[in-house]
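Position 235 of the sequence shown, counted from 1, bears residue number 235 in UniProt numbering, the numbering being contiguous throughout. Heads up, the beta-carbon is just placed ideally off N, CA and C, and yes, glycines get one too. What follows is a set of notes on a single structure, which appears directly below.
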Amino acid sequence: MMWVMGIGAGLMSIAGHATPIRELHWLSSVFVGILMCKIVYDLTGVISSSFFKGYNKLNKKEKLEWNNRGFSTFHAIVVAAGSLYFLLVSDLFVDTQDGLIINKSSTFSDTILGVSIGYFLSDLAMIIYHFPTLGGLEYIIHHGLSAYSITLSLLSGQAQIYILMVLFTESTTPFVNLRWCLDVAGLKNSKLYIYNGVALFFGWLVARIILFAFYFYHMFIHFDQILHSASIRLPNARNQCDLDGSFQGILIATRVIGQESLSLGLLQLDYCSSSAVTDESVLVLENRQRYGKNLEKV
Numbered sequence: 001m002m003w004v005m006g007i008g009a010g011l012m013s014i015a016g017h018a019t020p021i022r023e024l025h026w027l028s029s030v031f032v033g034i035l036m037c038k039i040v041y042d043l044t045g046v047i048s049s050s051f052f053k054g055y056n057k058l059n060k061k062e063k064l065e066w067n068n069r070g071f072s073t074f075h076a077i078v079v080a081a082g083s084l085y086f087l088l089v090s091d092l093f094v095d096t097q098d099g100l101i102i103n104k105s106s107t108f109s110d111t112i113l114g115v116s117i118g119y120f121l122s123d124l125a126m127i128i129y130h131f132p133t134l135g136g137l138e139y140i141i142h143h144g145l146s147a148y149s150i151t152l153s154l155l156s157g158q159a160q161i162y163i164l165m166v167l168f169t170e171s172t173t174p175f176v177n178l179r180w181c182l183d184v185a186g187l188k189n190s191k192l193y194i195y196n197g198v199a200l201f202f203g204w205l206v207a208r209i210i211l212f213a214f215y216f217y218h219m220f221i222h223f224d225q226i227l228h229s230a231s232i233r234l235p236n237a238r239n240q241c242d243l244d245g246s247f248q249g250i251l252i253a254t255r256v257i258g259q260e261s262l263s264l265g266l267l268q269l270d271y272c273s274s275s276a277v278t279d280e281s282v283l284v285l286e287n288r289q290r291y292g293k294n295l296e297k298v
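Right, dumping it as structure tokens:
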């Protein structure tokens, strides 16, 4: 309960980060993300019906999911490329004396987060409208947590480096979607299906195992920044309360978590959203078992 109150108080601190220009940019980025999904959804249907014969043989539900996975793939490529740029090329999140790394953001990073929010809102709307064709309750929880955590990071300007790390895990999504398309098209025994399975395995290894090991290591070595930013407000918080010790401690903790350590809550939400729906490990295991059987036949 205290953690929820802390996040609520943290939303109040967003006012210090938001400006009219930033707010307009945030809304524009979200709108671009929604428009992107609509355009790619329609183009996926047109291109698939024109160049892929198997598409016209699909039933209505399969075509719906096929087109949905089209803009899911496009979003994954966009945010994964953007995240890779910030993690390997840009110097935005390099440790310097200019400020805490958990508080760093830029117009471009805000754009990536805004577009991603637009995607999650669009996909969530489709999932709810066509429920349960495109996914069950677990997908609603996943998309809800994802949109919420990204929104908090965008509005507060905190923990964007960790949000981008998690968004890079979307790099495995195109392989998952291609696997589904090949399966529903009756191409499960094709070489492309096998090659895609191998790519999914290595992509999952890098984006889901190695990256998360670095993710937690990076959090560990920079955790002092969160504690430092939290301790700045402690004296002021104490002066504002004249209550018994235990209740005063709760108020102080709530204020600290809410206003100064919102990034800690973001990290928890971020990790939960990335773990709410994770069927890729199952797909990787299925691929491994399938390849094992093929080797036995040989």
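The region 14-100 is shown to contain whole alpha helix (DSSP H) runs of 4 or more residues at 20-51 and 60-84, in chain order.
Under the three-state reduction of DSSP, Phe131 is assigned to coil, being neither helix nor strand.
Secondary structure at Leu227: helix, using DSSP grouped into helix, strand and coil. In this structure, DSSP gives Gln160 a helical state, which the three-state scheme calls helix. Pairing Gly45 with Asn59 gives a Cβ-Cβ distance that is not under 9 Å. Note on the region 158-197: there is no whole beta strand (DSSP E) run with a minimum of 3 residues. In this structure the region 151-161 lies against the region 97-115, because at least three pairs of beta carbons, one per stretch, are closer than 8 Å. Annotated as distal: Ser171 and Leu87, with beta-carbon spacing of 9 Å or more. In the displayed model, Ser122 falls within a helix according to three-state DSSP. A residue is called buried when at least 16 other Cβ atoms come within 10 angstroms of its Cβ; Asp42 does not meet this threshold and is exposed.
Taking C-beta atoms under 8 Å as the contact rule, Phe168 and Leu211 qualify, at a distance of about 6 Å. When Phe131, Asp183 and Phe202 are compared, the shortest CA-CA separation from Tyr193 is found for Asp183. An exposed status is given to Gly186, since fewer than 16 other beta-carbon atoms sit within 10 Å of its beta-carbon.
Using a C-beta cut-off of 8 Å, the region 191-207 makes no contact with the region 136-155, since fewer than three inter-stretch Cβ pairs fall below that distance. Judged by DSSP secondary structure, Ala213 falls within the alpha helix (DSSP H) whose first and last residues are Leu211 to Ile221. In this structure, DSSP gives Gly136 a state outside helix and strand, which the three-state scheme calls coil. Distance from the CA of Lys38 to the CA of Glu138, rounded to the nearest whole angstrom, comes to 23 Å. Ser149 carries a helical assignment under DSSP once its states are collapsed to helix, strand and coil.
Between Val115 and Met36, the C-beta spacing is below 9 Å. Taking every protein chain shown into account, the CB of Ser48 has 16 or more other CB atoms within 10 angstroms, so this residue is buried. Remark: C-beta atoms of Gly118 and Ile127 do not approach each other more closely than 9 Å. Taking C-beta atoms under 8 Å as the contact rule, Lys188 and Thr133 fail to qualify, at a distance of about 22 Å.
Nearest Cα to Thr111 within the set Phe31, Ser122, His130 and Gln225: Phe31. For the pair Ser50 and Cys181, the Cα-to-Cα distance works out to about 16 Å.
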